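Here is the structure we will look at.
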Amino acid sequence: MAYRSKLGRWGNSFAVRMPAHLIKQLEISEGETLLIEVQGKKIVVKPEKDNRLEDLIGKITPQNVHGEIDWGERKGNEVW
Numbered sequence: 000m001a002y003r004s005k006l007g008r009w010g011n012s013f014a015v016r017m018p019a020h021l022i023k024q025l026e027i028s029e030g031e032t033l034l035i036e037v038q039g040k041k042i043v044v045k046p047e048k049d050n051r052l053e054d055l056i057g058k059i060t061p062q063n064v065h066g067e068i069d070w071g072e073r074k075g076n077e078v079w
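So for the sequence shown, numbering that gives the first Met the number 0 puts the first residue at 0; every next one is plus one.
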């Protein structure tokens with residue numbers, strides 16, 4: 000679905016207004032970080048995903064997994 004909006008000034012930068020129903024549909028809110036990508040002559044704006052543990056674990060493969068790391072002897076009150 001496409002929406003029409005105008006480019007406006009915001010201080011020394013430019014801004015695009017997004018309708019409230021679009022923000023609600025995307026489940027984002029004021030202050031959240033958005034990723035802006037340029038694809039050819041197009042601008043793609045999408046919410047930045049929070050890194051959730053499940054998502055990060057899902058990216059582990061045999062090629063990028065590493066073994067246990069030896070951090071040396073205990074110092075202080077650590078309990079291993």
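Note that beta-carbon positions come from the ideal geometry of N, C-alpha and C, so glycine has one too. Quantities reported herein were computed from a predicted structural model and do not represent experimental measurements.
Under 8 Å between C-beta atoms of residue i and residue j
i: G7; j: A14; result: yes
i: M17; j: S4; result: yes
Are there three or more Cβ pairs, one per stretch, closer than 8 Å when the region 15–35 is compared with the region 44–52? Short answer: they touch.
Considering only residues of the region 10–38, which uninterrupted alpha helix (DSSP H) runs meet the minimum length of 4 residues and lie entirely inside it, listed in chain order? Listed in chain order, they are 19–25.
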